[in-house]
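A.B. asks:
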Amino acid sequence: MFKIVKQLTSLVAVFAVLFAFTTETMAAKKSKTLKNTQKKGFVRCGVSQGLPGFSNADAAGNWTGVDVDVCRAVAAAVLGDASKVKFTPLSAKERFTALTSGEIDVLSRNTTWTLSRDADIGLTFVGVNFYDGQGFMVRKNSGINSVNDFKDGISACTNIGTTTELNMRDFFNSKGISYEPVAFEKADEVVAAYDAGRCDTYTTDKSGLAAQRTKMSNPDDHMVLPETISKEPLGPVVRQGDAVWEDIVRWSLNTMIEAEEYGITSANADMMKTSDNPAIKRLVGAEGELGAAFGLDNEWSLRIIKQVGNYGESYERNIAAPGILPDRGPNQLWTKGGILYVPPAR
Amino acid sequence: MKFNIKKIAPQLLTLLFVILVFGFFSYNAQLNMENRGIDFGYGFLSQESSFDVQFSLIEYDGSHSYFRAYLVGLLNTILVSVIGIILATIIGVIVGIARLSSNYLIKNTAAFYVEFFRNIPLLLQIFFWYFAALRALPLPQDTESIMGVFYLTIKGLFVPAFIWENFNIFIYSIIAAVISIVVIKIYAKRKQENEGKQTPVFLISIGLLFVLPLLSFLIGGVSLSFEIPVLKKLSKTSYIYEGGVGIPPELIALTLALSLYTATFIAECVRAGIQGVGKGQKEAAASIGLNPNQILKLVVMPQALRIIIPPTTNQYLNLTKNSSLAAAIAYPDLVLIFAGTALMQTGKAIEIVSITMLTYLSLSLSISVLMNWYNKKIAIKEK
């Protein structure tokens, strides 16, 4: 009998723990994510497994890229230190599950904003940090100069679990060309297989093609065809159901873009406090109470600009300087002929 | 029966605990999915999948349903498992027997093979066969043909396609041959038991398997022609073979890696099985005048099989489950198509992962049932 009593007590203990856990998860608190992040002391951010210019780790494990900078901006805003980010490299297949299951709090991984993703699977897209489109890479000596040169039987390497797979089908179907899709789980394997000659063309977002071209054994042998076959607005994603956290991530990104619009850089941000322009003063926290709405202090946006820089600085540092896509194309401010246009911070 | 609370209470409590844990997890999942606005349901299976697949045994393209895509993946998994199991068994048996050879060279080559291949992680071997072998293969236009009809290129192995006429008659002739072999076997066994005379069943079987299909060609109206692959130009520097059947390099690399890896374990099972038969058995068999062939066939193998089959079943199960590593090299198996692409496009993680797990479970259980049946058949029967 004594044995049973002992077993019972251990069972009760287990249930007590489980119960405590459930009451915690069931308690609907205002921005649980913000609270948890501040308690942990770091932002949990999902990034790619290595896409130069967007999210890429060097030999020492330091992450850089425009997607990485969004995470750093959030960390600067809510924790005061842009370096307090824990990066989780995710495959295209894993990314949404990692976010919805709560393993990460921000997904900033060159992810295309589509209706079904936004509405269906418990995700919310907060904005666009890169306007992209799907293209094709071919070997220069192949004599293919346009997608119109594609013939029946062409093999195309790509990643699984992306909009790329769907666009590719739409494209080849509309052209009436039969093709062989060779889809890998990781980008490195796609590059290796295409590089080895397994496929005639490699298709993904054009930014991705430009970045992956640098990984080929001989980058100069390859070129990206001029045609763009889809719209791919890439941006950060958060879980549905935490409106405050969603706003924080959205406005961290917007701050970077608006800072560029007003000419505020990491170098001159402090001096801008004495600017005559109220819009600039609001952005650097010298006027208004913008942070209060998120439960943050008033210098959250100043910290983003000082520690991470504005969007232009981030683009220059990560994408233009390494020679991936020196021409900003549509990713230029609306005032300079691009389509970057964010709502005003006021 | 005496009701013993001391015995039953812990079991009931354990059962209750298991139910509660499962209940808690499913409740928690339900709650969290509701909070995050995720619907649960299997309705997506009938929706249009809108993605294409490289290689499929049944007719499929993106206009078919997700369920059809699931079938494509399942069949591809079964295909690679079946080929892998057959190849691994053949290599395993040969290497296992070779390890017991008295020839120094054969024995040590076999031992080296086993130690080398079973001690390297399978995923690495798959990558090796895919990327190293892939780079070594020529482009389609540089390929020398094998016997004029086979072409092994970086884009796959291209073989002639069989074009049959009256294929069903050919199949009937094979079925007829198999039935008559079974009948002859039963007859031969009875004859040996009654009269002690042996019939050359093996030779007769081979003859039947050859003659009956041949008759179907000669008088049954069956004919077979081949469609040989032809080189086709895609662009200035890229080519592909058209016509015939193209076997993707992903399938070849995966089959090779899986069977070479699993064969090492099967070889060890075979060696253990043969060594497990007592020396006295062989000596006793020799003393009643059986020749070495008969000793192996009638005395050693029946006993060795009892030791070999159970661990070999495990290896078959392992091979089937390991085939899910296909996703790494773009072979469109169940994991890549269904738990990969379909999961991504629908976002139905719990539904798809549960279906995939159930599928692998059923596959494994089917293999187990089959092997257990065989194991029982060869087990010692007390007479």
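Heads up: the sequence lines are chains E and B, in that order.
In case it helps, the numbering used here puts the first sequence at residues 1 to 346.
In case it helps, the numbering used here puts the second sequence at residues 1001 to 1383.
Ideal placement from N, C-alpha and C gives every residue a C-beta, glycine not left out.
Bear in mind the structure is a predicted one, so any value in this text is a computation, not a measurement.
Confirm, please, whether the CB-CB distance from B/S1101 to B/A1400 is below 9 Å.
C.D. replies: Because chain B is modelled from 1001 through 1383, residue 1400 of chain B falls outside the range shown and cannot be assessed.
A.B. asks: In this structure, what does DSSP give as the bridge partners for B/I1240?
C.D. replies: Walking along the second sequence from the start, residue 1240 of chain B turns up at place 240. Answer by DSSP bridge pairing, in chain order: B/K1232.
A.B. asks: Quick one: is E/K29 buried, meaning 16 or more other Cβ sit within 10 Å of its Cβ, or exposed?
C.D. replies: The sequence position of residue 29 of chain E within the first sequence is 29, counting from 1. For E/K29, the predicted structure reports a pLDDT of 43, less than 50, and the residue's modelled location is therefore unreliable. A value from the coordinates is still provided. Looking at its Cβ environment, which holds fewer than 16 other Cβ atoms inside 10 Å, E/K29 is exposed.
A.B. asks: Once the 5 residues before and after E/R139 are set aside, which same chain residues still bring their CB inside 7 Å of it?
C.D. replies: Here residue 139 of chain E is taken as the residue at index 139 of the first sequence, counted from 1. Only D221 and H222 meet the Cβ criterion.
A.B. asks: Going residue by residue through the stretch 1129–1176 of chain B, where are the continuous alpha helix (DSSP H) segments of at least 4 residues, counting only ones entirely within it?
C.D. replies: Runs found: 1133–1136.
A.B. asks: Determine, using beta carbons only, whether E/V182 comes closer than 9 Å to chain B.
C.D. replies: As a first step, residue 182 of chain E is located in the first sequence; it is residue number 182 there, counting from the start. Yes - at least one Cβ of chain B is within 9 Å of the one on E/V182.
A.B. asks: Taking just the CA atoms, how far does B/Y1316 sit from B/N1194?
C.D. replies: As a working note, residue 1194 of chain B is residue 194 in the second sequence. As a working note, residue 1316 of chain B is residue 316 in the second sequence. Those two C-alpha atoms are separated by around 40 Å.
A.B. asks: Given that a residue counts as buried once 16 or more other Cβ atoms are within 10 Å of its Cβ, and exposed if not, what is E/F54?
C.D. replies: As a working mapping, residue 54 of chain E is identified with position 54 in the first sequence. Its Cβ being crowded by 16 or more others within 10 Å, E/F54 is buried.
A.B. asks: Any C-beta of chain E sitting closer than 9 Å to the C-beta of B/A1069?
C.D. replies: Here residue 1069 of chain B corresponds to residue number 69 of the second sequence, with the count starting at 1. By this cut-off, B/A1069 is not an interface position.
A.B. asks: Assess contact between the stretch 202–221 of chain E and the stretch 141–160 of chain E, defined as three or more Cβ pairs (one per stretch) separated by less than 8 Å. Is contact present?
C.D. replies: Judged by Cβ distances under 8 Å, the stretch 202–221 of chain E makes contact with the stretch 141–160 of chain E, as three or more pairs qualify.
A.B. asks: For E/D120, return the contacting residues in chain B, with the cut-off set at a CB-CB distance below 7 Å.
C.D. replies: Taking the first sequence and counting its residues from 1, one reaches residue 120 of chain E at position 120. Result: G1347.
A.B. asks: Quick one: is E/A293 buried, meaning 16 or more other Cβ sit within 10 Å of its Cβ, or exposed?
C.D. replies: Working through the first sequence from its first residue, we reach residue 293 of chain E at position 293. Counting Cβ neighbours within 10 Å, E/A293 comes out exposed, since fewer than 16 surround it.
A.B. asks: Closer than 9 Å, CB to CB, is B/G1221 near chain E or not?
C.D. replies: Here residue 1221 of chain B is taken as the residue at index 221 of the second sequence, counted from 1. B/G1221 does not count as touching chain E.
A.B. asks: With a 10 Å radius around its C-beta and 16 neighbouring C-beta atoms as the bar for buried, classify B/N1103 as buried or exposed.
C.D. replies: The sequence position of residue 1103 of chain B within the second sequence is 103, counting from 1. It counts as exposed.
A.B. asks: Indicate whether at least one CB of chain E lies closer than 9 Å to the CB of B/F1128.
C.D. replies: Taking the first residue of the second sequence as 1, we reach residue 1128 of chain B at position 128. Not an interface residue.
A.B. asks: At the 9 Å Cβ level, is E/E24 part of the contact set with chain B, yes or no?
C.D. replies: Locating residue 24 of chain E in the first sequence gives position 24, where the first residue counts as 1. Confidence at E/E24 is low in this model, with a pLDDT of 38, below 50, so the placement of that residue should be treated as unreliable; the coordinate-derived value is given next. Chain B, which has no Cβ nearer than 9 Å to the Cβ of E/E24, makes this no.
A.B. asks: List, in order along the chain, the chain B residues whose C-beta lies closer than 7 Å to that of E/R169?
C.D. replies: Taking the first sequence and counting its residues from 1, the one referred to as residue 169 of chain E is at position 169. By Cβ distance, chain B contributes S1050, F1051, D1052 and G1062.
A.B. asks: Would you kindly work out how many angstroms separate the C-alpha atoms of E/L79 and E/K281, rounded to a whole number?
C.D. replies: By 1-based counting over the first sequence, the position of residue 79 of chain E is 79. By 1-based counting over the first sequence, the position of residue 281 of chain E is 281. Cα to Cα, E/L79 sits roughly 22 Å from E/K281.
A.B. asks: B/R1306 and B/I1378 look like a contact to me (Cβ under 8 Å); what is the Cβ gap, rounded to whole Å?
C.D. replies: Within the second sequence, numbered from 1, the residue matching residue 1306 of chain B stands at position 306. Within the second sequence, numbered from 1, the residue matching residue 1378 of chain B stands at position 378. 6 Å between Cβ atoms; contact.
A.B. asks: Starting from B/S1225, trace the beta strand (DSSP E) both ways and give me its first and last residue.
C.D. replies: Residue numbering aside, residue 1225 of chain B sits at position 225 when the second sequence is read from its first letter. Unbroken beta strand (DSSP E) run through B/S1225: S1223 to E1227.
A.B. asks: What is the DSSP secondary structure of E/W113, reduced to helix, strand or coil?
C.D. replies: Locating residue 113 of chain E in the first sequence gives position 113, counting from the first residue. Coil.
A.B. asks: Return yes when the Cβ of E/A98 is within less than 9 Å of the Cβ of B/T1341, no when it is not.
C.D. replies: Mapped onto the second sequence, residue 1341 of chain B falls at position 341. Mapped onto the first sequence, residue 98 of chain E falls at position 98. Contact flag unset, no.
A.B. asks: Measure from the alpha carbon of E/I257 to the alpha carbon of each residue in E/L283, E/E246, E/L90 and E/D276, then state which is nearest.
C.D. replies: Along the first sequence, one-based indexing puts residue 257 of chain E at 257. Checking every option, the nearest Cα to that of E/I257 belongs to E/L283.
A.B. asks: Distance check for B/V1222 and B/F1167, CA to CA, integer angstroms please.
C.D. replies: Residue mapping note: residue 1167 of chain B aligns to position 167 of the second sequence, counting from 1. Residue mapping note: residue 1222 of chain B aligns to position 222 of the second sequence, counting from 1. Looking at the two C-alpha atoms, the distance is approximately 7 Å.
A.B. asks: Should E/S142 be flagged as near chain B, meaning a C-beta pair shorter than 9 Å?
C.D. replies: Here residue 142 of chain E is taken as the residue at index 142 of the first sequence, counted from 1. Output row for E/S142: interface = yes.
A.B. asks: Checking 9 Å against the spacing of the C-beta atoms, do B/F1158 and B/I1083 come in under that value?
C.D. replies: As a working note, residue 1158 of chain B is residue 158 in the second sequence. As a working note, residue 1083 of chain B is residue 83 in the second sequence. In this structure, B/I1083 does not lie closer than 9 Å to B/F1158 by Cβ.
A.B. asks: In angstroms with no decimal places, state the Cα-to-Cα distance between B/L1208 and B/K1185.
C.D. replies: Reading the second sequence from its first residue, position 208 is the one you call residue 1208 of chain B. Reading the second sequence from its first residue, position 185 is the one you call residue 1185 of chain B. Roughly 13 Å between the two C-alpha positions.
A.B. asks: Given 8 Å as the limit, is there contact between the stretch 1316–1326 of chain B and the stretch 1027–1035 of chain B, that is, 3 or more CB pairs closer than that?
C.D. replies: As far as the Cβ criterion goes, the stretch 1316–1326 of chain B does not touch the stretch 1027–1035 of chain B, which means the pair count is below three.
A.B. asks: With distance defined between alpha-carbon atoms, name the residue in B/T1313, B/P1249, B/G1096 and B/R1271 nearest to E/A193.
C.D. replies: Sequence index remark: in the first sequence, residue 193 of chain E carries index 193 (1-based). Minimum Cα distance to E/A193 is reached at B/P1249.
A.B. asks: Take every Cβ of the stretch 70–86 of chain E, pair it with every Cβ of the stretch 1298–1314 of chain B, and state whether three or more of those distances are shorter than 8 Å.
C.D. replies: As far as the Cβ criterion goes, the stretch 70–86 of chain E does not touch the stretch 1298–1314 of chain B, which means the pair count is below three.
A.B. asks: Can you check whether the C-beta of B/N1032 is within less than 9 Å of a C-beta belonging to chain E?
C.D. replies: Residue numbering aside, residue 1032 of chain B sits at position 32 when the second sequence is read from its first letter. For B/N1032, the answer is yes, since a Cβ of chain E falls inside 9 Å of its Cβ.
A.B. asks: Taking only runs that begin and end inside the stretch 217–283 of chain E, name each unbroken alpha helix (DSSP H) of 4 or more residues, in chain order.
C.D. replies: Counting only runs of 4 or more, we get 243–261 and 278–283.
A.B. asks: Starting from E/S155, find everything on chain B with Cβ-Cβ shorter than 8 Å and list it in chain order.
C.D. replies: Along the first sequence, read from residue 1 onward, the residue named residue 155 of chain E stands at position 155. Simply K1155 and I1240.
A.B. asks: Nearest by alpha-carbon distance to E/F130: which of E/S314, E/L302, E/A345 and E/P343 is it?
C.D. replies: As a first step, residue 130 of chain E is located in the first sequence; it is residue number 130 there, counting from the start. Of E/S314, E/L302, E/A345 and E/P343, the residue nearest in Cα terms is E/S314.
A.B. asks: Please give me, in chain order, every unbroken run of the alpha helix (DSSP H) with length at least 4 that falls completely inside the stretch 29–67 of chain E.
C.D. replies: As far as the stretch 29–67 of chain E is concerned, its whole alpha helix (DSSP H) runs of at least 4 residues are 32–40.
A.B. asks: Check whether the stretch 314–333 of chain E and the stretch 61–69 of chain E touch, using three or more Cβ-Cβ pairs below 8 Å as the test.
C.D. replies: Touching, per the Cβ criterion.
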